[in-house]
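So in this note's numbering, spot 249 of the sequence shown is number 411, and the numbers just go up one at a time.
Ideal Cβ positions, reconstructed from N, Cα and C, are used throughout, including at glycine.
A quick note: this is a predicted structure, and the numbers were derived from the prediction, not measured.
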Amino acid sequence: MTTTDTLRFATAGSVDDGKSTLVGRLLHDSKSVLADQLEAVEDASRARGRQNTDLALLTDGLRAEREQGITIDVAYRYFATPRRRFILADTPGHEQYTRNMVTGASTAELTVILVDARNGVVEQTRRHAAIAALLRVPHVVLAVNKMDLVDYSESVFAAITDEFVAYAEKLGITEVTAIPVSAFVGDNVVEPSAHMDWYGGPTVLDHLENVPTGAAATSAPGRFPVQYVTRPQTAELPDYRGYAGQIASGTLHVGQPVAVLPSGRTTTITSIDVLGRAAENAFAPQSVTVSLADDVDVCRGDLIAPTADLPPLAREVTATVCHVADQPLALGQRVLLKHATRTVKGIVKGIPSRLTLGDLSQHPSPERLVANDIGRVTIRTAEPLALDAYAASRRTGSFLLIDPADGTTLSAGMAE
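Right under this line is the structure:
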């Protein structure tokens, strides 16, 4: 399969909205559960006095890990159908784990947001929608769950959908696919429901199998963060110097004029090696080795980009961040900023505002951000960074703020 045959998606939902059951149903009904796993779940269900197999138990191991105090505890599930491979980021639902959703959704092309049909859109639903918007996840699915508990009411589904879509539009989310489901019964997860003849849309799996993928990474400007400089110095290659890494976005091709940032030196790509074979071009997210026409100074952390479309160089970064650490992020604090393969020293020069997710208002000048806060910050860096706007490139517009004392990740940032 090609890279476009894989969909990375994340699930999000409030506590008790049925997310674990939905994930379990999706794995079970798509026949992605091994026989011994299913047998263990059946035994555990009987031991708990359940008449039916509790598919939520398929993810219980994750819950146990969380109880042991793991901080960033997103668990990834891998499964496949004949049409596509999937990487599922399973994120917890409680408000205190908002930061975990940021981790899971940061690389996702689609987010499934669950809503309990009995409760409708709640504060955590709005929080998850806001994070999906901030992270610019291209596709959002609203899964209205537990439809069996509201008598499969079309009007209940329509009211929840209308409220969510109206809120999503305020966030800038233009595409929402709403699907009425009952994860417990199996309605519209993998198989179409026999109880909702008023619904003519896809099941969850149908939509996952057919949603477009991969376009954003290859359509963005070419960006190649250098991870490693390779110099074999063998008899066959005495003078060879190559630059290895993963293409973050866009495409590269032999003969392309490029610049090395932050130095700004220009040269031309003379060869591209993909998996040990010469190639005329390469694209994100391929891992490649590139050689250049001129003997320019290139090292780990540099960024190679086409001269026709260069990112701006700056020593002051304004961004939206989600604060993920238990210790606050404070005005004047010294940090490390990690962007792609480059890490530089910096200082928090300003915290202009903190986002209130309920009404999307901005609380001005909070002076610090605490765990799970989302706010705008300004960072002054010791060295220039080639940082794209996050709206233009999710890969090269994002960064991490790190505590220089112990290496703790403080915040995940999205450059403006």
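In terms of DSSP beta bridges, what is S433 paired with?
Beta-bridge analysis with DSSP links S433 to S453.
Please work out which residues of its chain come closer than 8 Å, Cβ to Cβ, to R530, disregarding the five sequence neighbours upstream and downstream, and give them in chain order.
Taken in chain order, the residues that qualify are P490, L491, A492, L493, I513.
I322 in three-state terms, based on DSSP
Three-state DSSP puts I322 in a helix.
Alpha carbons only, please: which of P424, V483, T503 is nearest the one belonging to R261?
Selected option, being the one with the closest Cα: V483.
For N307, report the span of its beta strand (DSSP E) as first-last.
Note, N307: beta strand (DSSP E), 301 to 307.
Identify the continuous alpha helix (DSSP H) that holds I293 and give its terminal residues.
Note, I293: alpha helix (DSSP H), 285 to 296.
P419 to G282 span [Cα, whole Å]
It is roughly 54 Å from the alpha-carbon of P419 to the alpha-carbon of G282.
I think A446 touches A502, with their Cβ atoms under 8 Å apart; what is that distance to the nearest whole Å?
Contact flag wrong, Cβ pair sits at about 12 Å.
Answer yes or no: do L414 and H485 have a C-beta to C-beta separation smaller than 8 Å?
Contact: no.
Who are the near neighbours of P364 in its chain, counting only those whose CB is closer than 8 Å to its CB and skipping five residues on each side?
Closer than 8 Å at the Cβ level, and outside the excluded window around P364, lie T339, I341, N372.
Identify which residue in S192, V264, R239, D471 has its Cα closest to the Cα of L562.
Per the C-alpha coordinates, the member of S192, V264, R239, D471 positioned closest to L562 is V264.
Apart from the five residues just before and just after D191, which ones in its own chain have a Cβ nearer than 7 Å to its Cβ?
Excluding positions up to five away in sequence, the list reads G348, V351, V352, E353.
By how many angstroms is the C-alpha of A476 removed from the C-alpha of L272?
Between L272 and A476, the C-alpha separation is close to 31 Å.
Three-state secondary structure assigned by DSSP to I234:
Confidence is the limiting factor: at I234 the pLDDT is only 38, short of 50, which leaves the residue's position unreliable, though a coordinate-based value still follows. Assignment of I234 by DSSP, reduced to helix, strand and coil, places it in the coil class.
Quick one: does V486 have its CB under 8 Å from some CB of chain C?
Absent from the structure: chain C. Only one protein chain is present.
Residue ranges of each beta strand (DSSP E) run of no fewer than 3 residues wholly in the stretch 462 to 528, ordered along the chain?
Every beta strand (DSSP E) stretch that sits fully inside the stretch 462 to 528 and reaches 3 residues is listed by chain position as 465 to 468, 475 to 485, 496 to 501, 504 to 518, 523 to 526.
Per DSSP, G575 is paired with what?
Under DSSP, G575 forms a beta bridge with V483, F561.
Who are the Cβ neighbours of A330 in its own chain at under 6 Å, not counting the five residues just before and after it?
In its chain, beyond the 5 residues on either side, A291, V338 have a beta carbon closer than 6 Å to the beta carbon of A330.
Would you be able to state if there are at least three C-beta pairs under 8 Å between the stretch 465 to 474 and the stretch 543 to 550?
Enough Cβ pairs lie closer than 8 Å, so yes.
Name the one or two DSSP bridge partners that A251 has.
Among the bridge pairs identified by DSSP, A251 is matched with A172, Y238.
Given that a residue counts as buried once 16 or more other Cβ atoms are within 10 Å of its Cβ, and exposed if not, what is L296?
Buried is the call here.
Measuring alpha carbon to alpha carbon, tell me which residue in Y238, S176, K332, P528 is nearest D521.
Sorting Y238, S176, K332, P528 by C-alpha distance to the C-alpha of D521 places K332 at the top.
Use the C-beta contact count for S182: other C-beta atoms within 10 angstroms, 16 or more gives buried, fewer gives exposed.
With 16 or more Cβ atoms within 10 Å of its Cβ, S182 is classed as buried.
N534 to L250 span [Cα, whole Å]
Those two C-alpha atoms are separated by around 22 Å.
Taking only runs that begin and end inside the stretch 345 to 404, name each unbroken beta strand (DSSP E) of 3 or more residues, in chain order.
Whole beta strand (DSSP E) segments, 3+ residues: 390 to 392.
With a threshold of 6 Å on Cβ separation, who are the neighbours of T429 within its own chain once the five nearest residues in sequence on each side are excluded?
For T429, where only same-chain residues beyond five positions count, the Cβ hits under 6 Å are L454, A455, D456, V458.
Determine the direct distance from the alpha carbon of A209 to that of S560, and round the result to whole angstroms.
Going from the Cα of S560 to the Cα of A209 covers about 46 Å.
Would you call V284 buried or exposed, if buried means 16 or more other Cβ atoms sit within 10 Å of its Cβ?
It is exposed - the Cβ of V284 has fewer than 16 other Cβ atoms within 10 Å.
Residues of its chain near T287, where Cβ-Cβ distance is below 6 Å and the 5 sequence neighbours each way are ignored:
Counting only Cβ-Cβ distances below 6 Å, and skipping sequence neighbours, we find V277.
Looking at the unbroken beta strand (DSSP E) that takes in R538, where does it start and where does it end?
536 to 548 is the span of the beta strand (DSSP E), which, as asked, contains R538.
Below 6 Å CB to CB, which residues in the same chain sit around R557 once its five sequence neighbours on both sides are set aside?
So the qualifying residues of the chain are A410, S411.
Name the two residues that bound the continuous alpha helix (DSSP H) containing T267.
This sequence places Ala at residue 267; Thr is not what is there. Run containing A267: 260 to 267, per the alpha helix (DSSP H) assignment.
Can you give me the C-alpha to C-alpha distance between L498 and T269, rounded to a whole angstrom?
Approximately 22 Å, taken between the alpha carbons.
Rounded distance between the beta-carbons of G180 and F346, thought under 8 Å
Correct: roughly 7 Å between the Cβ atoms.
CB A305 to CB V274, shorter than 8 Å?
Yes, Cβ-Cβ distance for A305 and V274 is below 8 Å.
Please return the same chain residues whose Cβ sits closer than 8 Å to the Cβ of E442, not counting the five positions on each side in sequence.
Excluding residues up to 5 positions away in sequence, H415, V416, I434 lie with their Cβ nearer than 8 Å to the Cβ of E442 in the same chain.
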